[in-house]
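Sequential numbering of the sequence shown, starting at 14, is according to the numbering used here.
Below is one structure, written out as structure tokens; the observations come after it.
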Amino acid sequence: MANRKYEYVKSYEVEDEIFLPNIIVVRIDGRVHEFKKSNDVVALNLLNSCAVAVSEEFPDIVFSYGFSDKYSFVFKKASKFYQRRASKVESIIVSFFSSVYVTKWREFFPQKELRYPPSFHAKVIPCAAIEVLQAYLLWRQNDCHTNNLHNTCLWELMKDGKTESEALELLEGTCKEEKNDLLFDKFEINYQKLDEMFRQGSCILKTEVIDVVKHNENGSSVRRLRKKIDGCHFHRFSDVHEFVKPNVFSYGVSDEYSFVLKKDSQFYQKRASEIVSVVVSFFTSMYTMK
């Protein structure tokens with residue numbers, strides 16, 4: 014009875030259900046440690062390993078695509094994951110990803126200390142149709158290619174003695190062909206021969222396979238259908254699928270915690286999903302590390 018006096022505050026919760034037929038996509042974006050430029054294979058493998066763990070943990074995720082410190086997780090169309098509430102979906106995914114990232118850090122960087130708790134922010138992207146999802150994934154892959162080509166040129170110029178501002182000035186206004194020519198003519202680098210993971214990103218696809226688990230006395234096989242996590246590069250997936258800190262007060266009880274931000278806070282431009290995902294991610298990393 015005593016608690017009923019305050020139950021009215023539940024009415025302030027934002028109802029953010031993602032209605033069918035929208036396909037749920039969760040994109041996470043990292044703010045992590047200094048790695049080798051322009052690409053750090055070990056850091057990318059750590060990210061991919063975390064994404065595989067997320068895909069294994071949550072059966073409703075059917076496909077994932079990532080590059081740099083970003084990953085997108087695609088849910089099956091009819092998913093009822095956390096009643097399709099955007100805030101819950103994104104916070105659960107980014108929290109689990111963050112905890113796995115901290116847990117796996119030592120496995121991939123045995124000689125490198127985790128200098129501070131990594132945090133990721135997440136966003137839910139509702140895709141109204143499969144065509145929208147295809148366009149979204151193509152946009153992410155194009156972003157991967159554009160960023161990697163630019164960063165490869167930038168860091169080669171800096172290794173050659175240019176300052177960052179000088180290198181950026183040289184690259185300003187250059188098109189894809191000009192960047193390719195710069196790499197080949199000046200540094201003898203054929204961009205198309207760089208690792209596909211750098212140029213095209215990484216994919217994690219769930220497929221169904223049939224395993225023979227044993228044989229009966231009469232020689233017939235006993236088979237079992239299982240989900241297989243298949244890591245691949247984006248071009249292969251495309252071919253198959255024909256794709257062209259300012260809080261001022263906190264209160265906790267049991268396993269719950271509330272964080273109150275100051276009234277004039279501009280934290281992440283006051284965007285709810287960004288605030289929720291960053292705070293949850295950082296809290297999870299701290300919890301795992303401690």
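Beta carbons are placed, not taken as given, at the ideal position from N, Cα and C, and that holds for glycine.
- In this structure, Cys-166 lies near Leu-195, with their beta-carbon atoms less than 8 Å apart.
- For Ala-141, the CB contacts under 6 Å within the same chain, skipping 5 residues up- and downstream, are Asn-35 in chain order.
- The three-state secondary structure of Ala-285, taken from DSSP, is helix.
- Judged by beta-carbon spacing, Ala-64 lies within the 8 Å limit of Ile-217, meaning their Cβ atoms are closer than that value.
- Rounded to the nearest angstrom, the Cβ distance from Phe-133 to Ser-111 is 6 Å, consistent with a contact under 8 Å.
- In this structure, Ser-100 places its C-beta atom within 8 Å of the C-beta atom of Val-289.
- The three-state secondary structure of Ile-31, taken from DSSP, is coil.
- Distance between Phe-200 and Ser-77, taken at the CA atoms: about 34 Å.
- Measuring C-alpha to C-alpha distances from Leu-146 to each of Lys-90, Thr-176, Ile-106 identifies Lys-90 as the nearest.
- Beta-bridge pairing by DSSP links Tyr-78 to Ser-85, Cys-216.
- Here DSSP, grouped into helix, strand and coil, assigns Cys-188 to coil.
- DSSP, read as helix, strand or coil, puts Ile-143 in helix.
- Lys-136 is bridged by DSSP to Arg-40.
- Going by C-alpha positions, Leu-33 is about 18 Å away from Pro-72.
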